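Residue numbers (the numbering used here): 735 to 1055. Here's the structure, in C-alpha cells; my notes come after.
Written out as C-alpha cells, the structure reads:
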C-alpha cells in the first residue's frame, strides 16, 4: 500500500511546484483518473529533480525513508557553483535509493512474490497507474539517469550532447503521457520527443542564471564560442550584445524543434488534444517571453504571459499544430 504522504515533508512541497511550470500539469478539464495519473508522474519527476538539485525540503528525512545510509552534509555549501564532493555523493546515494524504490513500484504492481511496497509516498502513487496502463520502468529510469548526469556533467560541448541529455531528462515525460492516454505509436512518440526536447531547451534558456549558480551551463560550448560568449558574460547581472545574440539563436533552434513536434496535437482528439495543445502553447509562450525580454535572460527570468498562453493553446487546439 502507498505510504501516508505526510510521512515525508518533501511530498507536499514537491507537488506544490506544479503551479510554477510553463504549462498545466494536470488541468481541471481532464477526467479525474487522468489528473491523478499525471500528478503521480509529475510528483515522481519533480522528486527526482529535487533530489538531484539538492532542493528537498528535508533531505535527511527522505534518505531515512528510502533506507539510504548516507547522510547529508552537516553544512551544505551556500556558495554558488557546483556542490562539494560530499553533497554530490549524497545526491547520488539518494538517486540510487529512488531507483531501488522504483524497483519496488514495479515488483508491487506485478505482484511479484515477496514484493516490498514502495517506501516513498510519491513512488507509492505510481503503483496503480503502472498496473492500469502496463507502463515499463524505462522512462522512469531515464529521469533518474538524467539527474545522475547532472552530478557529473556541467558543460555540453556540442548541441547533440545537449539533445542526448534531453532524451533522458524530458522525452520520457511525453512518452508517459501518451502511454497513460493509450495512444502511443511510433509516429506520435517521435513528435512527442521533439516537443519535449524543445520544452527542455526553452526551460534552459529561462534558467541560465539559476543553472549557472548551480555550476551548470546548458548552452552548447560550441555556440558560446561561435558568438564570443564567456562564462563571465553569463554571470553578469544583465546580458551584453553577444549573450543576446546567442540566446536569440538558441530561441530559434528551440522554436524549430517545437514547430516540428506541434503536429502531434492534430493526431488526437478531445481532452487529450486540449492537454497537448496546452503543453505546446506553454513552449511557444515561454519563447515569446524570452523575445519580449530582448533575449536578456540574466536580468530576470522570462515568464510566459498566461493570457498569451491560453490564446496560443486555443489556436493550436483548433489547427491541430
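Even glycine gets a Cβ: it sits at the ideal position worked out from N, Cα and C. On a predicted model such as this, the values are computed, not experimentally measured, just so you know.
Would you check if the distance between the CB atom of residue 994 and the CB atom of residue 928 is smaller than 7 Å? yes
In chain order, what residues of the same chain lie with their CB nearer than 8 Å to the CB of residue 1032, ignoring the 5 residues before and after it? 942, 943, 968, 970, 971, 972, 973 and 977
DSSP three-state assignment for residue 816, whether helix, strand or coil: coil
What's the C-alpha gap between residue 860 and residue 964? 43 Å
Secondary structure of residue 801, DSSP reduced to three states: coil
Quick check: the Cα distance between residue 917 and residue 905, rounded to an integer number of angstroms? 16 Å
Buried or exposed by the 16-neighbour rule on C-beta atoms within 10 Å, applied to residue 683: The question about residue 683 has no answer, for the chain in this structure spans 735 to 1055.
I need the straight-line Cα distance from residue 1038 to residue 1052, nearest angstrom please. 21 Å
Select from 892, 907 and 878 the residue whose C-alpha is nearest the C-alpha of residue 925. 907
Of the residues 882, 1027, 1028 and 844, the one placed nearest residue 823, counting alpha carbons only: 882
Euclidean distance between Cα positions of residue 780 and residue 959: 33 Å
Quick one: grab the DSSP three-state call for residue 1057. The chain is shown from 735 up to 1055; residue 1057 falls before or after that span and cannot be answered.
Enclosing alpha helix (DSSP H) for residue 920 [first to last residue]: 920–940
Taking residue 873 as part of the alpha helix (DSSP H), name the residues at either end of that continuous run. 872–886
Excluding the five sequence neighbours on either side, which residues of its own chain have a C-beta within less than 7 Å of the C-beta of residue 865, listed in chain order? 843
Just tell me which of 867, 863, 950 and 874 has its CA closest to the CA of residue 887. 950
Under the assumption that residue 835 contacts residue 800 (Cβ atoms under 8 Å), give the Cβ distance between them as a whole number of angstroms. 6 Å
So, for residue 890: in the same chain, excluding its five sequence neighbours on each side, which residues have a beta-carbon less than 6 Å away from its beta-carbon? 896 and 954
Compare the C-alpha of residue 826 against each of 782, 773, 1021 and 948 and name the closest. 782
Since residue 1036 and residue 1044 are thought to touch, with beta carbons under 8 Å apart, how far apart are those beta carbons, to the nearest angstrom? In fact, because the Cβ distance is near 18 Å, the residues do not count as touching under 8 Å.
Of all the options 821, 923, 1048 and 936, which has the alpha carbon lying nearest to the alpha carbon of residue 1008? 1048
Within 7 Å of any Cβ in chain B, is that where the Cβ of residue 868 sits? Judged by its chain identifiers, the structure shown contains no chain B, having just a single protein chain.
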